[in-house]
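Residue numbering for the sequence shown follows UniProt numbering, beginning at 1 and increasing consecutively. Here a beta-carbon is modelled for each residue, glycine too, at the ideal position from N, C-alpha and C. Keep in mind that this is a model prediction, so the values were computed, not measured.
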Amino acid sequence: MPVTVPPISERIRSLASAACPTHVSLNGSAHAARGGVDRDGRPLLLVKPGEPLHGVPASEDVVVTVDLAATRSLGGVDHPRGLLKMQGWAQAVPAADVRDAAVTVAGRCPDEALFAAVEGRPEGPRLFRVDVGFVIYLTGDESGMLDAEDYLGTEPDPIMEAAESMLRHVNEAHRERLRRSVEALTGEPAADAWLWELDRYGATVRAGAESPALIRIPWPVPAAGPRDLERALGHLMGSCR
Numbered sequence: 001m002p003v004t005v006p007p008i009s010e011r012i013r014s015l016a017s018a019a020c021p022t023h024v025s026l027n028g029s030a031h032a033a034r035g036g037v038d039r040d041g042r043p044l045l046l047v048k049p050g051e052p053l054h055g056v057p058a059s060e061d062v063v064v065t066v067d068l069a070a071t072r073s074l075g076g077v078d079h080p081r082g083l084l085k086m087q088g089w090a091q092a093v094p095a096a097d098v099r100d101a102a103v104t105v106a107g108r109c110p111d112e113a114l115f116a117a118v119e120g121r122p123e124g125p126r127l128f129r130v131d132v133g134f135v136i137y138l139t140g141d142e143s144g145m146l147d148a149e150d151y152l153g154t155e156p157d158p159i160m161e162a163a164e165s166m167l168r169h170v171n172e173a174h175r176e177r178l179r180r181s182v183e184a185l186t187g188e189p190a191a192d193a194w195l196w197e198l199d200r201y202g203a204t205v206r207a208g209a210e211s212p213a214l215i216r217i218p219w220p221v222p223a224a225g226p227r228d229l230e231r232a233l234g235h236l237m238g239s240c241r
């Protein structure tokens, strides 16, 4: 049977790549978090003076739980794509990696404090990295847990960056064509339609106005690269002709 959706470990790694930390829990207390996720899937946290992690010595690590949220902006409104809870060991980012970590965080959570973190002043903001032990996920109707081996041993969708660019273009410029294509494929009226997910195995469309539903449309064969994905998406968009 052909694969129509990404393996769950790949899907969660892809979601994590697009997610932002929202809260971090340490020693039984939780507070708001700012940061990102590095290319290896590990949460990065921007920690400011006065926050619980700030005083942890560089040579030590502590057990933390990081909540992350991935959202999709549709018409200027953010909708949740997935919620992740990662437990692991937080340690200060080594000096040699601080600049790269700051650039990664800036891509998800711009903050002037990142400049001070790069300077490395003892009393200034610090960057921490979390070595993941396990991940609990909730996305749509799916929920479960991945251990570190499954999560860290899987790469995100290799064409995710191109897919996100195409998705944004369709949602910004071709939604009426998408809506008509969904009607042609399903044989049912669609009051509204947005591309919700786009990956090498297919597309997920969010259709409907009052009670939107997610409709999965798999490709005949997985896309091997951006050009294949563009052709598959073009075929989908041409379904209304």
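Who are residue i's beta bridge partners in DSSP?
i      : result
Trp194 : Arg206
Ile215 : Val205
Ser73  : Asp78
Val64  : Gly88
Met145 : Ile136
Phe115 : DSSP, once it has assigned bridges, lists no residue as partnering Phe115.
Asp131 : Trp89
Ser29  : Leu26
Arg126 : Val47
Output needed for residue i: all residues of its chain with C-beta closer than 6 Å, excluding positions within five of it in sequence on either side, in chain order.
i      : result
Ala209 : Ala191 and Asp192
Arg99  : Val118
If distances are taken between C-alpha atoms only, which option among the options comes closest to residue i?
i      : options                           : result
Phe134 : Asn27, Leu185 and Thr65           : Thr65
Asp88  : His54, Arg129 and Thr104          : Per the sequence presented here, residue 88 reads as Gly, with Asp not at that position. Comparing Cα-Cα distances from Gly88 to each of His54, Arg129 and Thr104, the minimum goes to Arg129.
Thr22  : Leu45, Leu15 and Ile136           : Leu45
Leu114 : Leu68, Arg34 and Glu161           : Arg34
Gly107 : Glu123, Asp38, Pro94 and Leu195   : Asp38
Arg206 : Arg179, Glu10 and Leu53           : Arg179
Arg212 : Leu53, Asp111, Ile8 and His79     : In the sequence on display, residue 212 carries Pro and not Arg. When only C-alpha atoms are compared, the closest one is His79.
Val182 : Gly238, Ala224 and Gly140         : Gly238
Arg216 : Gly140, Ala173, Pro158 and Arg231 : Gly140
Gly120 : Ile8, Ala173, Pro49 and Arg231    : Pro49
Pro158 : Gly76, His54, Val77 and Ala224    : Ala224
Could you pull out every residue in the same chain whose Cβ sits closer than 7 Å to the Cβ of residue i, ignoring the five residues on either side in sequence?
i      : result
Tyr201 : Val3, Thr4, Val5, Pro6, Pro218, Trp219 and Pro222
Leu195 : Leu167, Val170, Asn171, Leu178, Ala203 and Val205
Arg81  : Leu15, Ala70, Thr71, Arg72 and Thr139
Could you tell me the distance, in whole angstroms, from the CA atom of residue i to the CA atom of residue j?
i      : j      : result
Gly36  : Leu236 : 33 Å
Arg175 : His31  : 39 Å
Ala116 : Leu214 : 43 Å
Leu26  : Asp67  : 12 Å
Leu15  : Arg72  : 11 Å
Asp199 : Glu51  : 38 Å
Ala96  : Ser59  : 15 Å
Pro94  : Asp111 : 20 Å
Ala90  : Arg231 : 43 Å
Pro189 : Leu53  : 52 Å
Ala162 : Ile136 : 27 Å
Ala173 : Cys109 : 27 Å
Check this for me: beta carbons of residue i and residue j, under 8 Å apart or not?
i      : j      : result
Asn171 : Leu233 : no
Val56  : Ala92  : yes
Pro125 : Val47  : yes
Ala19  : Leu84  : yes
Arg13  : Thr154 : yes
Glu197 : Thr186 : no
Met145 : Leu229 : no
Glu10  : Pro156 : yes
Met160 : Ser17  : yes
Ala102 : Leu138 : no
Glu142 : Ile8   : yes
Between residue i and the ligand ATP, is the CB less than 7 Å from at least one heavy atom?
i      : result
Val103 : As presented, the structure is devoid of all ligands, the ligand ATP included, so that no description of it is given.
Might you give, ordered along the chain, the residues of its own chain that have their beta carbon closer than 8 Å to the beta carbon of residue i, omitting 5 neighbours on each side?
i      : result
Val132 : Gly41, Arg42, Pro43, Met86, Gln87, Gly88, Ala148, Tyr151 and Leu152
Gly76  : none
Glu164 : Ala18 and Leu198
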